[in-house]
Amino acid sequence: MKLDQLEKISSSGESPQEHTNIWEQHALHMQQRYLATGLPNFAIETKLAFQKKAFDTHLNRESQLRKAYEDTANLPLDCIRKGVTSTWNTVLVTTQFSEHSMWELSSTQLWRYFSGGISWNLPQWVPRGILRIETMSSSSRIFFDFGARIFSTRHVSLPSTCSTHSFFTHAKCHETGADVTFGIAFLAGGFVEVHFPAEVIVKPDSGCNVDTIVETVVGLTGLYVGPVA
Numbered sequence: 001m002k003l004d005q006l007e008k009i010s011s012s013g014e015s016p017q018e019h020t021n022i023w024e025q026h027a028l029h030m031q032q033r034y035l036a037t038g039l040p041n042f043a044i045e046t047k048l049a050f051q052k053k054a055f056d057t058h059l060n061r062e063s064q065l066r067k068a069y070e071d072t073a074n075l076p077l078d079c080i081r082k083g084v085t086s087t088w089n090t091v092l093v094t095t096q097f098s099e100h101s102m103w104e105l106s107s108t109q110l111w112r113y114f115s116g117g118i119s120w121n122l123p124q125w126v127p128r129g130i131l132r133i134e135t136m137s138s139s140s141r142i143f144f145d146f147g148a149r150i151f152s153t154r155h156v157s158l159p160s161t162c163s164t165h166s167f168f169t170h171a172k173c174h175e176t177g178a179d180v181t182f183g184i185a186f187l188a189g190g191f192v193e194v195h196f197p198a199e200v201i202v203k204p205d206s207g208c209n210v211d212t213i214v215e216t217v218v219g220l221t222g223l224y225v226g227p228v229a
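Position 102 of the sequence shown, counting from 1, maps to 102 under the numbering used here, and the rest follow consecutively.
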């Protein structure tokens, strides 16, 4: 995925019917898989109840993300985003921005892309990721952890204010050495939206078919977890 292609991606929510279809197809597939392994009904029901709760949580975060876009559009242009703190350096007598914060990433679309995946065999596994940003003054590094794949950027200069516009840069996969282009928008309430190539997230799972998502960019909702101590 080239930078100019990624920049054309915009945030767009799926319809309620699409979300219903994603869950129903997932639940049916998992029920058949569990039955084939001989799991008792109560165990199947427990696993699906946990997964449904997680899916609904991810879906609710996407609703919150849409609200965050609306709120961001009404903020002053100089509104400092969540995760950025201003600290006073008594030695240099300068104001510096420092940040070491974390977000949990999720997307209901990933539930569709991971259909058939062996990752579902792991205890209480659901599709998600972690975003961590470490900043000193104007120099930042961004880290992504999707379980089987981890990514990091070089030092970049990130915006310290909220905006509906995405900041685009590159990250390197530490398993394959490949560079990927992604976008990140810092929104009101500490939310972020990350546009990331879906294939590189899903491909490590040998049970998934990635042929249909080779050029797909998935929108990930980032819920602010808080500062890293």
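Just so it is clear, CB atoms sit at the ideal spot from N, CA and C, and this is done for glycine as well.
These numbers come from a predicted model, not from an experiment.
Proximity to residue i [Cα-Cα], best of the options
i	options	result
Y69	S119, R112, V192	V192
D75	T164, N209, V217	Per the sequence presented here, residue 75 reads as Leu, with Asp not at that position. Taking only the C-alpha atoms, the option nearest L75 is T164.
T108	T221, G226, P227	T221
P197	T161, V210, L65	V210
N121	L48, C79, E199	L48
T216	E99, D145, Q124, F182	F182
I80	A229, V214, G190	G190
I22	P204, G38, Q51	Q51
F167	E175, V194, G177, H174	V194
M136	E99, Q124, R61, L39	E99
S15	R66, L39, T169	R66
Residues near residue i in its chain [Cβ-Cβ closer than 6 angstroms; skip 5 each side]
i	result
I142	I133, T153
S138	S157
V214	E199
Q17	none
The beta strand (DSSP E) enclosing residue i, as first and last residue numbers
i	result
E205	Note that residue 205 is Asp in the sequence shown here, rather than Glu. Neither: D205 is in no beta strand (DSSP E) and is coded neither H nor E.
P123	Unbroken run through P123: none, as it is neither H nor E.
R141	139 to 145
L223	217 to 227
T181	179 to 186
Chain-order list of residues whose beta-carbon lies under 8 angstroms from that of residue i (same chain, five-residue window excluded)
i	result
E45	none
H29	S115, G116
Whole-angstrom C-beta distance between residue j and residue i, which should lie under 8 angstroms
i	j	result
V126	A54	4 angstroms
G129	G207	Not really, about 18 angstroms apart at Cβ, beyond 8 angstroms.
P227	S101	5 angstroms
S160	V225	Contact doesn't hold; Cβ gap of about 19 angstroms is too wide.
Residue i: first and last residue of the uninterrupted alpha helix (DSSP H) it sits in
i	result
A43	41 to 73
L35	16 to 36
Close beta carbons around residue i, own chain, < 7 angstroms, minus the five adjacent residues each side
i	result
L59	H19, T108
V202	Y113, F114, C208, V210, I213
Worksheet entry | Three-pair Cβ contact test at 8 angstroms for the stretch 23 to 35 versus the stretch 145 to 162 | no
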